[in-house]
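Below is one structure, written out as structure tokens; comments come after it.
Protein chains: 2
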Amino acid sequence: MTRSPAPPAPEKHIAESTVRRLSLYLRVLEQAAARGQQTLSSDALAEDGGTTSAQVRKDLSFFGSFGKRGRGYDVAELVSQISDILGLGREWKVYIVGAGKIGAALVSYRGFSQRGFRVLGVYDNNPQIVGRMIDGVGVRSMSQLEHDAAREMPDIAVITVPAEHAQTVAELVVSAGIRAIMNFAPAPIHVPSTVTVKSVNMALELEGLAYALVHRDANAS
Amino acid sequence: MTRSPAPPAPEKHIAESTVRRLSLYLRVLEQAAARGQQTLSSDALAEDGGTTSAQVRKDLSFFGSFGKRGRGYDVAELVSQISDILGLGREWKVYIVGAGKIGAALVSYRGFSQRGFRVLGVYDNNPQIVGRMIDGVGVRSMSQLEHDAAREMPDIAVITVPAEHAQTVAELVVSAGIRAIMNFAPAPIHVPSTVTVKSVNMALELEGLAYALVHRDANAS
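Sequences listed follow chains P and E, in order.
Here the first sequence stands for residues 75 to 295, where the numbers follow our numbering.
Here the second sequence stands for residues 75 to 295, where the numbers follow our numbering.
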């Protein structure tokens, strides 16, 4: 099934924030590779990743020893190692559940395919749009999801339905055997602890900005 | 300019994670109000907000005293207080920069307008689409952004351009006087410390899921 060797299994629990920074480091390293750089200092990696070089060294130390003192990191080697750590050396099969505007935009999002995330199908319960194609991906009926999943074994479900349907859809994808969910619906979902959920809530992010604007203004006045 | 009294200014620095939970509590409270509930216990608020009741009490204590021991929180009162804290009692003017699929999906995203975020314009540098309307909002030329901003005084810019243009666009909106940015481009942007940035990177979130899947599988085998 996998196209790369098993990634090194870290011995301790790795915080979500560390995994996030590893993703950022990977982007910085890939940009350096695109510029033709062969090595990168932890200072440069930290600056472009928005953190400190001490943090970079700490993050990478969880997974073993990388780089040589005074010579920086080998860009190609570290790209490969971080990709393996993040599980990016293989293809991940994705269902998008909800064929509204956000769902449709995600089907076309190049950032997914570039990282090996392949969208197999988009599900909706609106008979008016079932059967249409979005950027080469068919819109399938929600009632087929469990049946399709038994055959295709998707790894990840991206939920892009309205808030009031999020929990029902989450239960559907969990009972279809999907163990990783990215939730775009503006509502928390409850799933068994064997299922990993990440939530992306754009209104929440905007509210965080509003809070910063209000309280910065208050402090400044 | 504002339609509500100034929010209480907290005396200490409030962590981003606290602000995030306040947004979640607000949603839970609004759902309770929609069901006709007048009070809500901190246990109920915690469960639906995905946290503990001790955390709920701690989060709310930053801002003063809410609720009565043994009687729970007054739903309407707490909705109003959290809305004020988050700066949601007023309208926030938003520019979306980048009229691609994600930008267009965001124009139509009801979660924004429901919270008082009003999209005044969508900017793009593709002359083929400048002048079109997306859900009642006009696509404007990027070259007009500074000029428009001087007149309209937008509060927030949402950047939805490709990664390679993100920094240039960030500098443009900062020089136009916008002090809050939501960055959807899959690249970090560098701005002065007087500008608040929140990043939403969907590929990063998917990578976090991939990491969880790989390492859960590795641990389980």
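Ideal placement from N, C-alpha and C gives every residue a C-beta, glycine not left out.
Since we're looking at a predicted model, the values are computed, not measured.
So residue i packs on residue j, CB below 8 Å; how close in whole Å?
i      : j      : result
P:L114 : E:A254 : In fact, because the Cβ distance is near 31 Å, the residues do not count as touching under 8 Å.
E:Q112 : E:V149 : 6 Å
E:A261 : E:A240 : 5 Å
P:M227 : P:Y197 : About 16 Å; that fails the 8 Å criterion.
P:V269 : P:V248 : 6 Å
E:A223 : E:I252 : 6 Å
E:S135 : E:S127 : That belief does not hold up - the Cβ atoms of E:S135 and E:S127 are roughly 12 Å apart, past 8 Å.
P:N257 : P:I233 : 5 Å
P:A250 : P:L219 : 6 Å
P:D229 : P:K167 : 5 Å
Assuming contact is defined by CB atoms lying nearer than 8 Å, are residue i and residue j in contact in what I supplied?
i      : j      : result
E:L180 : E:I170 : yes
E:I208 : E:A173 : yes
E:V265 : E:V271 : yes
P:V211 : P:V193 : yes
E:G190 : E:E165 : yes
P:S182 : P:L100 : no
P:Y285 : E:L160 : yes
Let me check you understand the geometry: is the CB of residue i closer than 7 Å to at least one non-hydrogen atom of the ligand HEM?
i     : result
E:V93 : Judged by which ligands are present, the structure shown has none, so any question about the ligand HEM falls away.
Which partner residues does residue i have in the DSSP bridge list?
i      : result
E:L278 : Answer is none; E:L278 lacks a bridge partner.
P:V232 : P:I170 and P:M256
E:K272 : E:M256
P:L114 : P:Y147
Only counting runs of 3 or more residues, tell me where the beta strand (DSSP E) segments fall wholly within the segment 150-225 of chain P, in order along the chain. Runs of beta strand (DSSP E) with 3 or more residues, each lying fully within the segment 150-225 of chain P, are found at 166-171, 191-198 and 211-215, listed in chain order.
Are the segment 266-281 of chain P and the segment 88-107 of chain E in contact at 8 Å, needing three or more beta carbon pairs?
yes
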